[in-house]
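Take a look at the structure set out below.
Protein chains: 2
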Amino acid sequence: MNPIKRVAIVGGTHGNELTGIYLVKKFDRAPESIWRSTFETIALLANPKACEIGRRYIDIDLNRCFRQQDLENPHLSSYEAQRAKEIYHIFSSKNTQQQSLIIDLHSTTSNMGITFILASQHPFNLQLAAYLTSVYPHIKLLAATTQNQDSPLLRSLSELGGTLEVGAVPQGVIDASLFQQTEQVVGTILDCVESYNQGTMPVATNPLTVYHTIGAIDYPRNKSGEIQAMIHPQLQSRDYEALNPGDPMFLTFDGESVLYEDKSIVYPIFINEAAYYEKGIAMCFTQKQTVVSQ
Amino acid sequence: MNPIKRVAIVGGTHGNELTGIYLVKKFDRAPESIWRSTFETIALLANPKACEIGRRYIDIDLNRCFRQQDLENPHLSSYEAQRAKEIYHIFSSKNTQQQSLIIDLHSTTSNMGITFILASQHPFNLQLAAYLTSVYPHIKLLAATTQNQDSPLLRSLSELGGTLEVGAVPQGVIDASLFQQTEQVVGTILDCVESYNQGTMPVATNPLTVYHTIGAIDYPRNKSGEIQAMIHPQLQSRDYEALNPGDPMFLTFDGESVLYEDKSIVYPIFINEAAYYEKGIAMCFTQKQTVVSQ
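Chains as they are written, first to last, in this note's numbering: chain A, 265 to 558; chain B, 265 to 558.
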């Protein structure tokens, strides 16, 4: 692989996820902190209007606007559709032979700690993931489910890098500890790219535990679409822990438990994510795999 | 005091505080659960439009619309100003000689557990508070600072009752455990009013610890009004704990601690409440007092 010529640190893809927004603002004030010798680093606020009013989005979710067909569709004119095209232009207007790496900074109300969602299983990403988990053993790795060309996500603009998803933190709130941890991980990624470009990237041989999303489940709802149950207290905040057949999953407002009835063990993530109520997702199910990065 | 003739359980004064919203919906489906023999109980969704779109408010914060002069001002026409007048009408149109008690259900991203904010220090409220803390020793009591006639808050429509503030829970999220605890406390308040009306209210003689708000402090900001610091990790989630002179309060984005420099011990609450960033409040300071309810 050629050297990586650019790293884009993106915050504010969702305007109420403050960790990334305030990190990008910090990097803008102190660009020397993200400067490295072998590549260009840009810090980008993806949805400035949404950031200004502290909402996830203005018209539609920006992080669902990056399908190739939508980026090429001149009839899509929502604020976010336009903004997606502008961001796409930033990435495609420069020399496309030069490889970019994207770090898209997100936060979640789910108790997912620091999760690195790999944009692809490109060998470089696996090496990066291996290195990150050797430095930060608590980082969780999540494999993207969609092929990049079909994906509506911002991170799909490059196969290198991915999303840093941190939580639990409410929308509209900065948690100082998560802020600092995210900043550290971003710095380590930059260092890692630098050493890769210099041919000195440390080879991590540790086997990786990678979670793969296999589906999502909605809240029980009535005919009007209103939710009829909550995440069960025994499942709340237990992202990445095994959910076994027969374990409680929901609690109805009348106090009845709804059990997980499938036959295989799954590892739920995005449990009780605020932004996913409207998307019909109570949690995502993953499977756990061990991958050797070499 | 005459018997209490009506209890109003209000949810959704803020449209993204789901605990109260889904409790009111539950009470609407099962009115028998809030029915008692000596008074009428109504369950009211205060800001239905905001609830529908899951935002705190449409135009302005409904819970700042209940000043007497605003309720009587025909020129105020925002959605919330109108809604405040409608709610005021519900309370003033019936026989005003009949005393009402209000329970306004709120949630917070701050780690305030279950807090009962007394609408006034009316002897009945103190008796109710004493009874509640005898049943639920972890409940915190907070005295309202404003006189009712000047207060912009919904709960000021009656001097009896107050606000149930529960957290920490993100906006737009239901926490099942907090939902169930809130429901229990509401039931206990209804039972308490019933026994008061029947002359059998248990007399609780335990001294009460009541927190009194004495002020609020904003985040450090730059000239453009942007915040320059976060709640310090050592203060995060420590609502109701003593903040001593010299204790860290904020952490700047550059990693410097900002200390609490006043001379007296205070007990911060509403630490890192999402909705208060725009109000210029990083936390409220309280003092702790012991009150004997008899």
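Glycine is no exception: its CB is placed at the ideal position from the N, C-alpha and C atoms.
CB-CB length for A:GLY436 against B:GLN492, believed under 8 Å: If you number the first sequence from 1, residue 436 of chain A lands on position 172. If you number the second sequence from 1, residue 492 of chain B lands on position 228. No, A:GLY436 and B:GLN492 are not in contact; Cβ-Cβ is about 17 Å, not under 8 Å.
Identity of the residues DSSP links to A:PHE531 by a beta bridge: One-based indexing of the first sequence puts residue 531 of chain A at position 267. The amino acid occupying residue 531 of chain A in the given sequence is Tyr; Phe does not appear at that position. Answer is A:THR550, bridged to A:TYR531.
Between the CA atoms of B:ILE533 and A:LEU335 - distance to the nearest angstrom: Locating residue 335 of chain A in the first sequence gives position 71, counting from the first residue. Locating residue 533 of chain B in the second sequence gives position 269, counting from the first residue. Each residue's alpha carbon lies about 46 Å from the other.
Beta strand (DSSP E) runs wholly inside the region 377-404 of chain B, at least 3 long, in chain order: 377-382
Straight-line gap, A:MET376 to A:ILE535 (C-alpha atoms, nearest Å): In the first sequence, counting from the first residue as 1, residue 376 of chain A sits at position 112. In the first sequence, counting from the first residue as 1, residue 535 of chain A sits at position 271. Near 9 Å, if we compare the C-alpha coordinates of A:ILE535 and A:MET376.
Segment limits, alpha helix (DSSP H) that includes A:ILE453: Taking the first sequence and counting its residues from 1, one reaches residue 453 of chain A at position 189. Unbroken alpha helix (DSSP H) run through A:ILE453: 440-461.
Rounded C-alpha distance that separates A:ARG419 from A:GLN462: On the first sequence, position 155 is the one that residue 419 of chain A refers to. On the first sequence, position 198 is the one that residue 462 of chain A refers to. Using only the alpha carbons, I get a separation of about 25 Å.
Secondary structure of A:THR464, DSSP reduced to three states: Indexing the first sequence from 1 puts residue 464 of chain A at position 200. A:THR464: coil per DSSP, three-state reduction.
Alpha-carbon spacing of B:VAL450 relative to B:ALA407, whole angstroms: Taking the first residue of the second sequence as 1, we reach residue 450 of chain B at position 186. Taking the first residue of the second sequence as 1, we reach residue 407 of chain B at position 143. Going by the C-alpha atoms only, they are around 19 Å apart.
Cβ-Cβ separation, B:ARG320 to B:HIS278 (assumed contact under 8 Å), whole Å: Position 14 of the second sequence, counting from 1, holds the residue named residue 278 of chain B. Position 56 of the second sequence, counting from 1, holds the residue named residue 320 of chain B. At roughly 5 Å, the Cβ-Cβ gap stays under 8 Å, so B:HIS278 and B:ARG320 are in contact.
According to DSSP, residues forming a beta bridge with A:ILE322: Here residue 322 of chain A corresponds to residue number 58 of the first sequence, with the count starting at 1. Paired residue(s): none; A:ILE322 is not in a bridge.
Cβ neighbour criterion (16 or more within 10 Å) applied to A:THR237: Coverage of chain A is limited to positions 265 through 558, which leaves residue 237 of chain A absent and any answer about it impossible.
A:SER297 in three-state terms, based on DSSP: Taking the first residue of the first sequence as 1, we reach residue 297 of chain A at position 33. Note: A:SER297 maps to helix in three-state DSSP.
Beta carbon proximity, A:GLY436 to chain B, threshold 8 Å: Residue mapping note: residue 436 of chain A aligns to position 172 of the first sequence, counting from 1. Closer than 8 Å to some Cβ of chain B, the Cβ of A:GLY436 qualifies, so yes.
Residue from A:PRO484, A:PRO295, A:ASP455 and A:LEU472 whose Cα sits closest to the Cα of A:SER464: Against the first sequence, residue 464 of chain A aligns to sequence position 200. According to the sequence provided, residue 464 of chain A is Thr. The question's Ser does not apply to it. The candidate whose alpha carbon is nearest that of A:THR464 is A:ASP455.
A:THR373 versus B:MET265 - alpha carbon distance: Taking the first residue of the first sequence as position 1, residue 373 of chain A is located at position 109. Taking the first residue of the second sequence as position 1, residue 265 of chain B is located at position 1. Spanning the two alpha carbons is a distance of roughly 46 Å.
CB contact check: A:LEU382 to chain B, cutoff 8 Å: By one-based count along the first sequence, residue 382 of chain A stands at place 118. With 8 Å as the cut-off, A:LEU382 does not count as an interface residue toward chain B.
Beta-bridge partners of B:HIS476, as assigned by DSSP: The residue labelled residue 476 of chain B in the question sits at position 212 within the second sequence. Looking at the DSSP assignment, B:HIS476 forms a beta bridge with B:ALA407 and B:GLN551.
Any chain B beta carbon closer than 8 Å to A:TYR321: Looking up residue 321 of chain A in the first sequence gives position 57. No - not a single Cβ of chain B is within 8 Å of the one on A:TYR321.
DSSP state of B:HIS370 mapped onto helix, strand, coil: On the second sequence, position 106 is the one that residue 370 of chain B refers to. B:HIS370 falls in the strand class under three-state DSSP.
Backbone secondary structure at B:LYS358 - three-state DSSP: Residue 358 of chain B sits at position 94 when you count from the first residue of the second sequence. Here the model assigns B:LYS358 a pLDDT of 49, short of 50, so the residue's position is not dependable, and the following value carries that caveat. It is coil, neither helix nor strand.
Residue span of the beta strand (DSSP E) that contains B:ALA307, given as start and end: Along the second sequence, one-based indexing puts residue 307 of chain B at 43. That run of the beta strand (DSSP E) goes 304-309.
Minimum Cβ-Cβ distance from A:MET494 to chain B less than 8 Å: Here residue 494 of chain A refers to the residue found at position 230 of the first sequence. Output row for A:MET494: interface = yes.
Per-residue burial, B:HIS496 [other beta carbons within 10 Å of its own, 16 or more giving buried]: Within the second sequence, numbered from 1, the residue matching residue 496 of chain B stands at position 232. So B:HIS496 ends up on the buried side.
Which listed residue (B:GLU525, B:ILE366 and B:PRO312) has its alpha carbon closest to that of B:GLY425: For the purposes of this step, residue 425 of chain B is taken as residue 161 along the second sequence, with counting starting at 1. B:GLY425 has its Cα closest to that of B:ILE366, out of B:GLU525, B:ILE366 and B:PRO312.
Cα-Cα separation, B:LYS400 to B:LYS290: Here residue 400 of chain B refers to the residue found at position 136 of the second sequence. Here residue 290 of chain B refers to the residue found at position 26 of the second sequence. Correcting the residue identity first, residue 400 of chain B is Tyr in this sequence and not Lys. Each residue's alpha carbon lies about 23 Å from the other.
Interface positions of the region 411-428 of chain A facing chain B (Cβ-Cβ less than 9 Å), listed along the chain: none
Selected residue, minimal CA-CA separation from A:PRO312, among A:PHE330, A:ARG300, A:GLN346 and A:ILE298: Here the question's residue 312 of chain A lines up with position 48 in the first sequence. Here the closest residue by C-alpha is A:GLN346.
Whole-angstrom C-beta distance between A:CYS329 and A:PRO416, which should lie under 8 Å: In the first sequence, counting from the first residue as 1, residue 416 of chain A sits at position 152. In the first sequence, counting from the first residue as 1, residue 329 of chain A sits at position 65. Indeed they touch by this definition, with Cβ atoms about 6 Å apart.
Residue-chain proximity (B:THR277, chain A), Cβ-Cβ < 8 Å: As a working note, residue 277 of chain B is residue 13 in the second sequence. No, no contact with chain A.
Selection of the region 510-534 of chain A by Cβ proximity to chain B, strictly under 7 Å: LEU515 and PHE517
Stretch-stretch touch, CB-based, cutoff 8 Å, three pairs: the region 348-358 of chain A with the region 514-527 of chain A: no
Distance CB(B:LYS404)-CB(B:THR379) smaller than 8 Å: To locate residue 404 of chain B, count along the second sequence from 1; it is residue 140. To locate residue 379 of chain B, count along the second sequence from 1; it is residue 115. Contact: yes.
Inter-residue Cα distance where the pair is A:HIS476 and A:GLN333: Mapped onto the first sequence, residue 476 of chain A falls at position 212. Mapped onto the first sequence, residue 333 of chain A falls at position 69. Looking at the two C-alpha atoms, the distance is approximately 26 Å.
Expected contact under 8 Å - CB spacing of A:PRO471 and A:THR554 to nearest Å: Locating residue 471 of chain A in the first sequence gives position 207, where the first residue counts as 1. Locating residue 554 of chain A in the first sequence gives position 290, where the first residue counts as 1. Contact holds; Cβ gap of about 5 Å.
Partner residues on chain B for A:TYR395, Cβ-Cβ distance less than 8 Å: By 1-based counting over the first sequence, the position of residue 395 of chain A is 131. Within chain B, no residue comes near A:TYR395; the closest Cβ sits about 24 Å away, beyond 8 Å.
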